[in-house]
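Undergrad: Dropping a structure here in structure tokens format, bear with me for questions.
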Amino acid sequence: MKPRALTPSVLAVGAVDWDNRLFDSLIPLPDGTSYNSYLVRGSEATVLVDAVEPGMKDVLLGKLAEVPRLDHVVSLHAEQDHSGSLPDVLARYPGADLLCSVKAKDMLVDLLRISPERIRTVGDGEELSLGDRTMRFVATPWAHWPETMSAFLVEEGVLFSCDLFGSHLATGSLFAEEAEGVREAAKRYYAEIMMPFAKPLRRSLAKVRDLAPRIIAPSHGPVFGDPEWILSAYEDWISSPPRNRAVVAYVSMHGSTRLLVDRLVDGLAARGVGVHRFDLTATDLGKLAMALVDAGTLVFGTPTVLGGPHPHAMQAAYLANLLKPKAEHLAVVGSYGWKGRAAEKIGEALGGLHLTVLDPVLCRGLPAEEDLAAVDRLAARIDALHREKGFG
Ligand SMILES: Cc1cc2nc3c(=O)[nH]c(=O)nc-3n(C[C@H](O)[C@H](O)[C@H](O)COP(=O)(O)O)c2cc1C
Ligand SMILES: [Fe+2]
Ligand SMILES: [Fe+2]
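All letters in the sequence shown, in the order written, are residues 0 to 391 by numbering that gives the first Met the number 0.
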């Protein structure tokens, strides 16, 4: 794909990664991703905003083939998917300095062994004149590392937001408005990457609102030519109360826990509670993360294995604890053969969320009628709590 113009002074020069299916050796990429990089040309100076994943550096350097001079390279985030090819860019353009936040400087030196002499740090609100264009740096920390910042091209109202507002989506469309599946990809990205930092993000979001950008150009996925929907989606994900939804994540070796889960899902659905049900042997953890964004209650279904939860359930609980969703209640259902501490251990794994823990439903082997009746009571309790708290 050739460089494409975003505005009169901004060219998209990044790389689309159609084939990658796993990011950070952790995050499923059902639709690939992109590493966006932007060339900004003012009357006096030319700037490159972010680089690309090192494996795709030839794509970036190829798109810069006709660019004889760069005055500055801006690194908004030290993570390697945007910084990894900076050493090659800096080698190609020995006259360019590297601009980054104060916190990013040491990180770029340590992560990539970039020479500190090439680096100039910029502060929140600092401006860089490109002649007829001005680039203003905006501190947006914890989106999603401590050093992250954004850059605002004042005259054209373009916000370069790096990972913030990004989506893992490989598409031939430059703008989100023309691309398929952006809303889901953006929510998935928020859930996996940004949700743990919802609190610091509130401040950044307010700052972005004040800037009133006309275009938001993130470093993954398409560009927002009409930023309103992504801004209001972020405000909703970050600040709205939980919804009347439960995440039911389970694993079952011999089918007993699954019977409890079936009954619970039926009971919740009959009462109008939205259910996201996940078989943890098969689910894409990104889908689970997405469901966590809005859920009011988390339910884990697990058999007892060697005294504790099944490892798949423990992994999901560990992940949910890290992602810091806004759910308020936890319940565990499960089957055991003799004894164990599966429910307690799930509760411990989710300790960081300070959830109200509902009575677990644990049965020996196949659930008996009284166990299913206990599941019905659990469904009623979840429904009642959601109503009491006004989860819509
Ligand atoms: C590898 C393995 C380890 C187990 N360890 C325990 C245990 O430590 N304590 C216990 O009470 N049951 C243990 N069980 C028994 C299961 O918890 C029991 O069979 C349960 O009913 C399975 O539920 P499921 O049908 O949902 O898989 C173990 C079963 C397996 C296969
Ligand atoms: Fe990142
Ligand atoms: Fe990234």
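Here a beta-carbon is modelled for each residue, glycine too, at the ideal position from N, C-alpha and C.
Since this is a predicted model, take the numbers as computed values, not measurements.
#1: Residue 65 by DSSP, collapsed to three states: which one?
#2: Buried or exposed: where does residue 112 fall if 16 or more other Cβ atoms within 10 Å of its Cβ makes it buried?
#3: Residue range of the alpha helix (DSSP H) that residue 203 falls in?
#4: Do three or more CB pairs link the segment 196-213 to the segment 260-280 at distances below 8 Å?
#5: So the candidates are 253, 78, 132 and 93; which of them puts its Cα closest to the Cα of residue 109?
#6: Give the DSSP bridge partners of residue 52, in chain order.
#7: Residue range of the beta strand (DSSP E) that residue 309 falls in?
#8: State the DSSP-derived secondary structure class of residue 177, mapped to helix, strand or coil.
#9: For ligand 2, I want to know if residue 143 counts as a neighbour, meaning its beta carbon is within less than 7 Å of at least one of the ligand's heavy atoms.
#10: Classify residue 41: buried if its beta carbon has 16 or more other beta carbons within 10 angstroms, exposed otherwise.
#11: In the DSSP assignment, find the beta strand (DSSP E) that holds residue 217 and state where it starts and stops.
#12: CB of residue 203 to nearest heavy atom of ligand 3: below 7 Å?
#13: Would you decide whether residue 366 is buried or exposed? Buried here means 16 or more other CB atoms lie within 10 Å of its CB.
#14: What residues sit near ligand 3, counting only those whose C-beta is closer than 6 Å to one of its heavy atoms, in chain order?
#15: Using only CA atoms, which one of 96, 195, 194 and 213 lies nearest to residue 153?
#16: For residue 104, collect the residues of the same chain with a Cβ closer than 6 Å to its Cβ; drop the 5 residues on either side in sequence, then sort them by chain order.
#17: Leaving out the 5 sequence neighbours to the left and right, which residues in its chain are closer than 6 Å to residue 22 when beta-carbon positions are compared?
#18: Please classify residue 263: is it buried, with 16 or more other beta-carbons within 10 angstroms of its beta-carbon, or exposed?
#19: So, do the segment 333-345 and the segment 243-259 have three or more beta carbon pairs nearer to each other than 8 Å?
#20: Comparing C-alpha positions only, which one of 385, 383, 318 and 349 sits nearest to residue 25?
TA: So, from the data block:
#1: coil
#2: exposed
#3: 197-210
#4: no
#5: 78
#6: Answer is none; residue 52 lacks a bridge partner.
#7: Per DSSP, residue 309 belongs to no beta strand (DSSP E) and is neither H nor E.
#8: helix
#9: yes
#10: buried
#11: 214-217
#12: no
#13: buried
#14: 78, 80, 81, 162, 218 and 219
#15: 213
#16: 118 and 120
#17: 28
#18: buried
#19: yes
#20: 318
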